[in-house]
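A short write-up of the structure that comes next.
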Amino acid sequence: MIIVPEDWEPLAGAEGAATVGVWRARVGGERWIVKRLARPAEEGDRRSFRWWRRELEFARSDLAGRLAGLRAPRYRVEEDDAGATLWSAEISSRPVPDKIAAHALGRLTTTRIEDPGWFPVGRLRDRVGLAAAAGGVELLDPDHGDRDALTLARRVWDRRAAVLDRLDSLPQVLCHGDALPRNLLRHDGSTVTAIDWDQLGYGPIGADLASFGLWAGSPAESLLPAFTAGAGSVHRHAVVDGLACTTSLIGVTRAIRAAGVEQADGAGPVGPYRARLDRSVWSMIRTLAVVP
Numbered sequence: 109m110i111i112v113p114e115d116w117e118p119l120a121g122a123e124g125a126a127t128v129g130v131w132r133a134r135v136g137g138e139r140w141i142v143k144r145l146a147r148p149a150e151e152g153d154r155r156s157f158r159w160w161r162r163e164l165e166f167a168r169s170d171l172a173g174r175l176a177g178l179r180a181p182r183y184r185v186e187e188d189d190a191g192a193t194l195w196s197a198e199i200s201s202r203p204v205p206d207k208i209a210a211h212a213l214g215r216l217t218t219t220r221i222e223d224p225g226w227f228p229v230g231r232l233r234d235r236v237g238l239a240a241a242a243g244g245v246e247l248l249d250p251d252h253g254d255r256d257a258l259t260l261a262r263r264v265w266d267r268r269a270a271v272l273d274r275l276d277s278l279p280q281v282l283c284h285g286d287a288l289p290r291n292l293l294r295h296d297g298s299t300v301t302a303i304d305w306d307q308l309g310y311g312p313i314g315a316d317l318a319s320f321g322l323w324a325g326s327p328a329e330s331l332l333p334a335f336t337a338g339a340g341s342v343h344r345h346a347v348v349d350g351l352a353c354t355t356s357l358i359g360v361t362r363a364i365r366a367a368g369v370e371q372a373d374g375a376g377p378v379g380p381y382r383a384r385l386d387r388s389v390w391s392m393i394r395t396l397a398v399v400p
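Going by the working numbering, the sequence shown runs without a break in its numbering and finishes at 400.
If you want it as structure tokens, here you go:
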């Protein structure tokens, strides 16, 4: 159990199913970001991308010190019967240039560590399955967004099983799993400090660049040279296919999710997700060339 002092500053970032709240705190002269997680009634599948303990397990492991390209803040974990509290040392953030971030994400793929038994498996397949259960591309309104993007999205969606198979055939490398620009806080030389490690695991090469590129200032395809330079001896076509196929499926599934929220609640962050779909046009064209 955690008792939140009045001087702790509430922060955004409590979207996770198990997350009770996130605060900025000063304790004993040190600044911390404090995340409180509620213990669910059932532990759940540790291979699911929704498993509530993954970030705690990462914080308690020695994995952070074995990564290339990325580093994590200093962590402390406290557990009780009701849940767990994750303390991470606050990092003074400053924008990470897109090319430096892409290079660092490429370097991460060179890390070779054994799966500790809680890396997620099939997370993109699971997200595609959830989008299908929500209604699929039929939820997308042709009167909103780029019509060419919507046409491509329907074609990618129809080929989603083959696209997922293509991703499975690519080199599987270590991925942060949620490499959004907001989770990359600062860089010291060529090493980037990252937070939100609850999706760490193995995935197709190029997947982290896809997550980053959908929200970065630069188009993901322009960051390919920096990423491949960090990744070293990899076949460029594998990186391009991983980037394109992952970007396409993320763009489509997020647009479906946003449309579902809009139709269910009449509100939601719809615009940004549709913008990501419009931004995925290059990737969807490449994907359909790979998986015609």
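The C-beta atom is built at its ideal place from N, Cα and C for all residues, glycine as well.
Item	Value
Cross-strand partners of Arg233 (DSSP beta bridge)	Arg233 is not bridged to any residue.
Beta-carbon contacts of Asp276 that lie in its chain and below 8 Å, excluding the five residues immediately before and after	Pro312
4 or more residues per run - each alpha helix (DSSP H) lying fully within the segment 268 to 341	268 to 277, 315 to 321 and 332 to 339
Run of the beta strand (DSSP E) containing Leu145, from where it starts to where it stops	Glu138 to Ala146
Nearest neighbour of Glu187, chosen from Arg174, Arg168, Ala261 and Gly173 [CA to CA]	Arg168
First and last residue of the uninterrupted beta strand (DSSP E) at Ala133	Thr127 to Val135
Alpha-carbon spacing of Ile221 relative to Ala133, whole angstroms	33 Å
Nearest neighbour of Pro156, chosen from Gly177, His211, Val142 and Leu232 [CA to CA]	According to the sequence as given, residue 156 is Ser; it is not Pro. The option with the nearest alpha carbon to Ser156 is Leu232.
Start-to-end residues for the alpha helix (DSSP H) that takes in Glu187	Note, Glu187: premise wrong, no alpha helix (DSSP H); beta strand (DSSP E) at Tyr183 to Asp188.
Residues of its chain near Pro377, where Cβ-Cβ distance is below 6 Å and the 5 sequence neighbours each way are ignored	Here Pro377 scores only 48 on pLDDT, less than 50, and its place in the model is too uncertain to base an answer on.
Cβ neighbour criterion (16 or more within 10 Å) applied to His211	buried
Burial state of Arg365 (16 or more Cβ within 10 Å)	buried
Local Cβ density within 10 Å of Ala241, reported as buried at 16 or more and exposed below that	exposed
Terminal residues of the alpha helix (DSSP H) in which Gly214 lies	Asp206 to Leu216
DSSP bridge partner residues for Pro118 (one or two, in chain order)	Trp131
Buried or exposed (CB count within 10 angstroms, at least 16 for buried), Ala113	The question names Ala, but residue 113 in the sequence shown is Pro. So Pro113 ends up on the exposed side.
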